[in-house]
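Have a look at the structure below before the remarks.
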Amino acid sequence: MLWGIDLGGTKIEGVVLKSVENPEVLVRRRIPTEQKLGYTHILTQIGKLIRLMTEEAGVKPDKIGIGTPGTLDPKTQLLKNSNTTAFNGQPFKADLEGIINMPIIIANDANCFALAEAKIGAVKSHNIDAKVVFGVIMGTGVGGGLVVNGKIINGRHGIGGEWGHNHLDDSGGQCYCGKIGCVETVISGPFTQKYYTSLSGRENHLKEIVDLHKAGTDPDATKTINRLTHFFGKAISVVIDIVDPDVVVIGGGVGNIDDLYTDGVKSARDFVFNDGLETIFLKPELGDSAGVFGAAMLVAD
Ligand SMILES: [Zn+2]
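Take the working numbering: the last position of the sequence shown gets the number 285, and nothing is skipped along the way.
Quick look at the structure:
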């Protein structure tokens, strides 16, 4: 059995799956993170969740995969880059292993997403023999995870696949990371909405902008979506030039936009260092479950 836990800012979710070949859900539980009560309390909550899952499963796990909002720094073993800020700078792995008395394997949520979609999600259901899978998260922020031969590439600094803070275009302006024109500031959901507002003076949600573009009645909406697909292609072409994935899975709220799979791919073809582009772009299939399923896949070997 595969045990996984997805640690989120508002909820902690756990799952027990039968196997990689047959990922039937045997147990699924969630409890609130109660982030306000601090780091130690969150650790206690995870311990509580594992107890509840153990009772329900009738067996104890010997190891657990944990998906976290941040990354474990391979050198310092401290968690970093987490938007659940209580975790940053904490020896999360050692602390949690001390509480639950078993080994854990940690990966950030974008890596868990990529692993789940590669092993039991979109890549598997399309029956693609993919050696290299790049999982994109495009929503409030922009992140990514890289899976090669079924394994996450964490890298020297634990930032493997993090393409969201590469430079893309100065028009994105100042990013919270300190740089200017990051991928995230140019093509994330909030910045796409901001761009539309700068053209039209109206504050529409991304979904409404997409609908207006589809209806063909709002030139500002069309300009916004064309800008998004242009820059998506430019940004992803850099990833393709470096790791040359067989498949790119585009998750997150922005990833739902159909134009990314047509105009966005065309744009990537223009920028990539090759005459053609055979990379397959897929929508994810596991929805909100990708994080927790991916966490469980961490213990698959
Ligand atoms: Zn940045």
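Glycine is no exception: its CB is placed at the ideal position from the N, C-alpha and C atoms.
| message | Run through the DSSP bridge pairs and tell me what Ile171 is partnered with. | response | What you label residue 171 is simply residue 187 of the sequence shown in a count that begins at 1. None; Ile171 has no bridge partner.
| query | For ligand 1, any of its heavy atoms closer than 6 angstroms to the Cβ of His149? | reply | Your numbering for residue 149 matches position 165 in the sequence shown. Yes, the Cβ of His149 comes within 6 angstroms of a heavy atom of ligand 1.
| query | Buried or exposed: Ser273, going by 16 or more other Cβ atoms within 10 Å of its Cβ? | reply | Against the sequence shown, residue 273 aligns to sequence position 289. Counting Cβ neighbours within 10 Å, Ser273 comes out buried, since at least 16 surround it.
| query | Cβ atoms of Leu130 and Ile171: under 7 angstroms apart, would you say? | reply | Along the sequence shown, read from residue 1 onward, the residue named residue 171 stands at position 187. Along the sequence shown, read from residue 1 onward, the residue named residue 130 stands at position 146. No, the pair does not count as a contact, with Cβ atoms beyond the cut-off.
| field | Bridge partners - Trp(-13), DSSP secondary structure assignment | value | Within the sequence shown, residue -13 is the residue found at index 3, counting from 1. Answer is Val0.
| query | Leu27 to Glu40, Cα distance in whole Å? | reply | Taking the sequence shown and counting its residues from 1, the one referred to as residue 27 is at position 43. Taking the sequence shown and counting its residues from 1, the one referred to as residue 40 is at position 56. Taking the straight line joining both Cα atoms gives about 20 angstroms.
| message | For Thr181 and Leu282, I'd like the C-alpha separation in whole angstroms. | response | Numbered from its first residue, the sequence shown carries residue 181 at position 197. Numbered from its first residue, the sequence shown carries residue 282 at position 298. Spanning the two alpha carbons is a distance of roughly 41 angstroms.
| field | Asn92 - partner residues in DSSP beta bridges | value | Position 108 of the sequence shown, counted from the start, is the residue given in the question as residue 92. DSSP lists Thr52 as the beta-bridge partner residues of Asn92.
| Does the stretch 128 to 147 come close enough to the stretch 251 to 266 that 3 or more CB-CB pairs lie under 8 angstroms? | Contact between the stretch 251 to 266 and the stretch 128 to 147 is absent: fewer than 3 CB-CB pairs across the two stretches fall below 8 angstroms.
| query | Among Ile15, Val233, Tyr23, which has the Cα closest to the Cα of Tyr119? | reply | Position 135 of the sequence shown, counted from the first residue, corresponds to residue 119. What sits at residue 119 in the sequence shown is Gly, not Tyr. Checking every option, the nearest Cα to that of Gly119 belongs to Val233.
| field | Where the alpha helix (DSSP H) through Arg211 begins and ends | value | The sequence position of residue 211 within the sequence shown is 227, counting from 1. Start and end: 203 to 227.
| query | If you follow the alpha helix (DSSP H) that Arg35 is part of, which residue opens it and which one closes it? | reply | Residue 35 sits at position 51 when you count from the first residue of the sequence shown. That run of the alpha helix (DSSP H) goes 23 to 41.
| request: Check whether the stretch 198 to 206 touches the stretch 81 to 100, taking contact to mean three or more Cβ pairs, one atom from each stretch, closer than 8 angstroms. | output: They do not touch, by the three-pair rule.
| task | Note the first and the last residue of the continuous alpha helix (DSSP H) segment covering Arg253. | result | One-based indexing of the sequence shown puts residue 253 at position 269. Segment 249 to 255, the alpha helix (DSSP H) holding Arg253.
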